[in-house]
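The numbering of the sequence shown is my numbering, which starts it at 147 and goes up by one. Right, one structure below, let's go through it.
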Amino acid sequence: MRRLSIALALAGSVFAGCFTIHRSELPDVQMSRLPQGREVRVALAGFEATVTTYLPIREQTTVWSDGPGYYHRGRRHDYYGPRTETWTSTTYVPQVRDDDTFIKFAADTLEGAGCIMASTNIDYVVDVRFGGPEITNTDRTVEALWVVLSLLSADYSAQTRTARMKIRDGETGKVVFMRDYTEKCSAAVWGPIPIFSPLAATDTGDAAMQARALNALTLRAMADATAFLASASAAAQ
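Here it is as structure tokens:
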């Protein structure tokens with residue numbers, strides 16, 4: 147009987163879950179490597195991103211009441227005198243913190259390409275600045291259609307983010323390479339329970355959409371950065 151109960155509980159949790167039916171893929175890029183024996187010292191700038199989490203704060207409020215009271219098991223009694231009642235509420239306080247995921251990923255990628263990251267004599271500075279998100283009216287219309295036509299059982303999100311990469315000469319500060327990037331990410335989820343299933347999904351949430359878009363932009367920027375640095379180091383031979 148216990149095993150049956152566990153099996154039914156697991157089946158119910160799966161049935162009540164939300165499933166990702168579409169998610170934009172990361173770009174397929176190729177990283178370059180420096181020529182054998184060449185040393186290029188690189189510093190990073192930018193890559194700013196923030197993450198918002200919500201801290202639950204539980205509060206208890208005690209009030210006076212003159213209505214009929216109840217025992218803890220819900221049985222009503224006839225006492226109408228003043229008494230106290232305690233209410234519990236939860237408030238979610240947003241916590242914003244810096245996210246260094248993308249600058250760390252960029253550093254690891256450049257080191258993997260043969261660049262030297264821990265040095266004082268810098269040859270190049272790779273600076274990436276993120277922008278967005280931008281949500282168009284078309285995206286909002288598609289989202290509304292997903293929600294309405296699915297009878298509140300599905301959700302859809304799409305947003306576009308941008309990045310601008312500048313590579314500067316470490317000695318003169320002159321920009322020697324610059325490129326702009328645009329990345330649109332989208333996701334769609336569906337669940338069997340209207341309203342509640344989509345609310346339980348994470349792929350269409352702001353945090354997941356931001357992470358996917360900035361990850362894609364960092365990948366594209368680092369592919370171009372490693373290609374430039376490999377070419378520049380080869381030309382300096």
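No residue lacks a Cβ here, since even glycine has one placed at the ideal position from N, Cα and C.
Thinking C-alpha only, which one of Arg187, Ala347 and Thr207 is nearest Ala253? Ala253 has its Cα closest to that of Arg187, out of Arg187, Ala347 and Thr207.
Three-way DSSP call (helix, strand, coil) for Ile249 in this model: Ile249: helix per DSSP, three-state reduction.
Considering Cα atoms alone, identify which of Cys261, Phe323 and Ala334 is closest to Asp315. For Asp315, the nearest C-alpha among the options comes from Phe323.
Spatial neighbours of Ala380 within its chain, please: C-beta separation below 6 Å, excluding the five flanking residues on both sides. Within the same chain, Ala380 has close Cβ partners Pro181.
Taking the alpha carbon of Val321 as the reference point, which residue from Pro344, Glu185 and Arg310 has its own alpha carbon closest? Closest by alpha carbon: Arg310.
Identify the continuous alpha helix (DSSP H) that holds Leu291 and give its terminal residues. Residues Asn283 to Leu295.
Helix, strand or coil at Glu257 according to DSSP, with G and I counted as helix: Taken through DSSP and simplified to helix, strand or coil, Glu257 comes out as helix.
Exposure of Glu280, with buried meaning 16 or more beta-carbon neighbours within 10 Å: Exposure of Glu280 is indicated by the presence of fewer than 16 other C-beta atoms within 10 angstroms of its C-beta.
In terms of residues, what are the limits of the alpha helix (DSSP H) holding Gln356? It spans Asp352 to Ala381 - the alpha helix (DSSP H) in which Gln356 sits, taken as one unbroken run.
Pick from Ser303, Tyr327, Lys330 and Thr207 that is closest to Gly351, judged by C-alpha positions: Shortest Cα-Cα distance from Gly351 to any of Ser303, Tyr327, Lys330 and Thr207 involves Ser303.
In DSSP terms, what Gln206 is bridged to: Per DSSP, Thr234.
Just to confirm my understanding: we take Gly192, look at its own chain, exclude 5 residues before and 5 after, and list those with CB closer than 6 Å. What are they? Excluding residues within five positions, the ones whose Cβ falls inside 6 Å are Asp273, Val274 and Arg275.
Helix or strand or just coil, what does DSSP make of Ser343? DSSP places Ser343 in helix when its eight states are reduced to three.
Burial state of Asp269 (16 or more Cβ within 10 Å): With 16 or more Cβ atoms within 10 Å of its Cβ, Asp269 is classed as buried.
My assumption, with CB atoms under 8 Å, is that Val197 sits in contact with Arg243. Please give the rounded CB distance. For a cut-off of 8 Å, the C-beta gap from Val197 to Arg243 is around 6 Å, short enough to register as a contact.
Starting from Thr266, follow its DSSP beta bridges and name the residues at the other end. DSSP, once it has assigned bridges, lists no residue as partnering Thr266.
Proximal residues to His218 (C-beta, below 7 Å), its chain only, five neighbours per side dropped: At His218 the pLDDT is 48, less than 50, meaning the model places this residue with poor confidence; the figure from the coordinates comes in the next sentence. Leaving aside the five residues that flank His218 on each side, none in its chain has a CB nearer than 7 Å to its CB.
So, are the CB atoms of Asp301 and Val271 less than 8 Å apart? No Cβ-Cβ contact shorter than 8 Å links Asp301 with Val271.
Among the candidates Phe248, Gly183, Leu297 and Gly258, whose CA atom is the shortest distance from the CA of Pro344? Per the Cα distances, Leu297.
Is Met324 helix, strand or coil when you go by DSSP? Looking at Met324 - three-state DSSP - the assignment turns out to be strand.
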